[in-house]
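Chains as they are written, first to last, in this note's numbering: chain P, 1 to 187; chain R, 188 to 374. Just so you know, even glycine gets a beta-carbon here, dropped at the ideal spot from N, CA and C. Here the structure is a predicted model, which means the values were calculated and not measured. Encoded as structure tokens, the structure appears first; notes follow it.
Protein chains: 2
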Amino acid sequence: MQPLFSFLEAVNDLPDEAKALILAKTRIKHYPKGHLLFREGQVCHYMYFMASGLARIFHCKEDKEVIDWLATAGHPFTAIDSFYSRQPSRYTIEILENSEVYAFLYDDLEELYHQFHAFERIGRLITQEQFLILQERIDMVQFQNAQQRYETFLKRFPNIQNRLQLTHIASYLGISLETLSRIRAKY
Amino acid sequence: MQPLFSFLEAVNDLPDEAKALILAKTRIKHYPKGHLLFREGQVCHYMYFMASGLARIFHCKEDKEVIDWLATAGHPFTAIDSFYSRQPSRYTIEILENSEVYAFLYDDLEELYHQFHAFERIGRLITQEQFLILQERIDMVQFQNAQQRYETFLKRFPNIQNRLQLTHIASYLGISLETLSRIRAKY
DNA sequence: CGCCGAGTTGAACTGAATCAAGAAACGTGG
DNA sequence: CCACGTTTCTTGATTCAGTTCAACTCGGCG
């Protein structure tokens, strides 16, 4: 549980009672590489936290898979279009490496938000950070060419290149597999 | 103040004391078309709310202006990269029509967040909604061609076409002025 | 050894940018 | 109310980054 608490308390302090409730509500699971944590079309009932490992969140766009988000160790993730809206999701979540994942039921998270102002505050601040990450991503997709996107990617995920196959990197960057291959050919 | 309270209470109820404090902290201003509400390079100290009118939030990318956000009546806006981080902003905010704007000082907003759990909750939920709007925008920029983007734009801002010049629409859509003109030529 | 998925390389194609020039709309001053 | 200049918008020709399609290479594994 260390990684979760250090993630949360880097944002804002939490009272001990809140930590105790978080502890009581956490569901710790291990998933093997290739496992589908969540499938499109369903309502996602969990907010996840990646304790260790790697996952991809993708959706299908005209028979192609498009990766929207990479879940790396120490960060939260979910099917964001579904979890809060309680509507069916377009996303699928696939575990890419044997991973340790914490899961929090929607109702439990709501209880935490409700009971602890400090937790609600952390929720707001985390969402704000993720908003800024998305803003950067828009900038990338809208104005950077293929080469620049790859460089941005390497900076943002320095230790991930050899853990992801080219298809996935290309999909995350919004460029074709061939273009990415050509870019890497010139180091 | 009607539009602000109805915006906030559509998200979550607020206790009367919170409303009273909001009222006390609101700074109501009127700005003429063309007024620069905020300039890049400074720290933005205000969260704004557009009571009526229109504004654009843009930044400069290699001597060109890129519109990131349109502030329409009934919605909040600010230099989002600066307001919460307290760092200098890349954005400039220009009033596009004579507008009525409410402004909230950073410290006042923090006080509201701090004093009222309900307000903190509203802040979180609004941020979440804006996150989803950005996610849609990524989808637009990454996968829609020029024509589809224009159609998306018309759907999202149905009453705005004739209030914005083509240059601004093109900039918001991330396409060139000429391409947009050609698209409109075929109705 | 041969198959299969992943990655590379080549050639042709394309949507949209850019460059360029002209038309329309707009507003300001005489 | 018109003349002129400026800004906004349209239209055409050219160019380019990246996609698509296709063939080939490489490495691992039954």
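Residue i vs residue j beta-carbon contact at 7 Å
{"i": "P:Phe119", "j": "P:Tyr113", "result": "yes"}
{"i": "R:Thr354", "j": "R:Ala333", "result": "no"}
{"i": "R:Ser276", "j": "R:Glu227", "result": "yes"}
{"i": "R:Ala266", "j": "R:Phe236", "result": "no"}
{"i": "P:Arg86", "j": "P:Val141", "result": "no"}
{"i": "R:Phe344", "j": "P:Phe131", "result": "no"}
{"i": "P:Ile133", "j": "P:Ile93", "result": "no"}
{"i": "R:Tyr337", "j": "R:Ile215", "result": "no"}
{"i": "P:Ser176", "j": "P:Ile67", "result": "no"}
Collapsed DSSP secondary structure at residue i in the structure displayed
{"i": "P:Arg156", "result": "helix"}
{"i": "R:Ser193", "result": "helix"}
{"i": "P:Met140", "result": "helix"}
{"i": "R:Tyr233", "result": "strand"}
{"i": "P:Ser82", "result": "helix"}
{"i": "P:Leu164", "result": "coil"}
{"i": "R:Ile313", "result": "helix"}
{"i": "R:Phe306", "result": "helix"}
{"i": "P:Leu14", "result": "coil"}
{"i": "P:Gln135", "result": "helix"}
{"i": "R:Gln274", "result": "coil"}
{"i": "P:Lys186", "result": "coil"}
{"i": "R:Ile362", "result": "coil"}
Sheet register partners of residue i (DSSP bridge)
{"i": "R:Ser286", "result": "R:Tyr218"}
{"i": "P:Val66", "result": "P:His59"}
{"i": "R:His262", "result": "R:Met237"}
{"i": "P:Ile93", "result": "P:Phe38, P:Ile57"}
{"i": "P:Phe104", "result": "P:Met47"}
Nearest residue (CA-CA) to residue i, options the options
{"i": "R:Ser193", "options": "R:Glu249, R:Ala260, R:Arg214", "result": "R:Ala260"}
{"i": "P:Arg184", "options": "P:Gln161, P:Pro32, P:Arg39", "result": "P:Gln161"}
{"i": "P:Lys19", "options": "P:Tyr84, P:Lys64, P:Phe153, P:Ile122", "result": "P:Ile122"}
{"i": "R:Asp271", "options": "P:Phe49, P:Leu125, P:Glu100", "result": "Reading the sequence as shown, one finds Tyr at residue 271 of chain R and not Asp. Of the listed residues, the one whose Cα sits closest to R:Tyr271 is P:Leu125."}
{"i": "P:Gln144", "options": "R:Gly361, R:Ala266, R:Leu224", "result": "R:Gly361"}
{"i": "P:Leu4", "options": "P:His30, P:Phe157, P:Ser52", "result": "P:Ser52"}
{"i": "P:Leu36", "options": "P:Leu132, P:Ser176, P:Tyr187, P:Ser99", "result": "P:Ser99"}
{"i": "P:Leu54", "options": "P:Glu40, P:Phe77, P:Lys64, P:Arg39", "result": "P:Phe77"}
{"i": "R:Tyr293", "options": "R:Phe225, R:Tyr233, R:Phe318, R:Leu341", "result": "R:Tyr233"}
{"i": "P:Val11", "options": "P:Gln128, P:Tyr91, P:Cys44, P:Thr152", "result": "P:Gln128"}
{"i": "P:Ile95", "options": "P:Ser176, P:Lys33, P:Thr26, P:Ile169", "result": "P:Lys33"}
{"i": "R:Gln302", "options": "R:Asp200, R:Glu196, R:Leu208, R:Met188", "result": "R:Leu208"}
{"i": "R:Ala211", "options": "R:Leu296, R:Arg273, R:Arg369", "result": "R:Leu296"}
{"i": "P:Cys60", "options": "R:Lys342, R:Tyr218, R:Asp326", "result": "R:Asp326"}
{"i": "R:Glu284", "options": "R:Ala258, R:Pro275, R:Arg324", "result": "R:Ala258"}
Beta carbons nearer than 8 Å to chain P: which residues of the stretch 292 to 305 of chain R have them?
Cβ contacts with chain P come from Tyr300, His304.
Contact list for the stretch 134 to 167 of chain P against chain R, Cβ threshold 9 Å:
Leu134, Gln135, Arg137, Ile138, Asp139, Val141, Gln142, Phe143
Residues of the stretch 257 to 278 of chain R with Cβ closer than 9 Å to any Cβ of chain P, in chain order
Ile267, Asp268, Tyr271, Ser272
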